[in-house]
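The sequence shown begins at 38 in our numbering and counts up one residue at a time. Heads up, the beta-carbon is just placed ideally off N, CA and C, and yes, glycines get one too. This structure is a prediction, so every number in the text was calculated from the model and none was measured.
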Amino acid sequence: MGSHRKAKHAGSPGIRELRFYVSSAREINKRFAGKHIAIIGDEVVASGKSPMEVWKRAKKLHPQGKPVLAFVPKDDTLVLILG
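So, in structure tokens, the structure goes:
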């Protein structure tokens, strides 16, 4: 009997946005270096200097959306995610 369950984190909030960020990292890093960004689905919907500013702008543009915020570092910065 085969299992029809999805991967453990496949439907977790933010996974789609994380995959988008990773797959588009070169373009995002070039365009938004040094800024905070809000991603909904497969799109950067807002950017700015502060996370609160970006969150408010994203929610104004997409009231039903659940933005995922990220900071795009300048230059070549290594970011480690430990879990």
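Item to check | Environment of Val-81 [buried if 16+ CB atoms lie within 10 Å] | outcome: Looking up residue 81 in the sequence shown gives position 44. Val-81 should be labelled buried.
Item to check | Exposure label - Val-109; buried when at least 16 CB within 10 Å | outcome: The residue you call residue 109 lines up with position 72 of the sequence shown. Buried.
Item to check | Cut-off 6 Å between Cβ atoms - residues of its own chain near Lys-111, not counting five sequence neighbours on either side | outcome: Residue numbering aside, residue 111 sits at position 74 when the sequence shown is read from its first letter. So the qualifying residues of the chain are Ala-70, Gly-71.
Checklist entry - For the region 80-104, which segments carrying the beta strand (DSSP E) assignment without a break, of at least 3 residues, lie completely within its bounds, in sequence order? => result 80-85
Checklist entry - Looking only at DSSP bridge pairs, what is Phe-108 linked to? => result Taking the first residue of the sequence shown as position 1, residue 108 is located at position 71. Answer by DSSP bridge pairing, in chain order: His-73.
Checklist entry - How long is the line joining the alpha carbons of Ile-60 and Pro-50, rounded to whole angstroms? => result Within the sequence shown, numbered from 1, the residue matching residue 60 stands at position 23. Within the sequence shown, numbered from 1, the residue matching residue 50 stands at position 13. The question names Ile, but residue 60 in the sequence shown is Ser. C-alpha separation (whole angstroms): 17 Å.
Item to check | Cβ pair Ala-75, Pro-104 closer than 8 Å | outcome: What you label residue 75 is simply residue 38 of the sequence shown in a count that begins at 1. What you label residue 104 is simply residue 67 of the sequence shown in a count that begins at 1. Cβ atoms of Ala-75 and Pro-104: closer than 8 Å.
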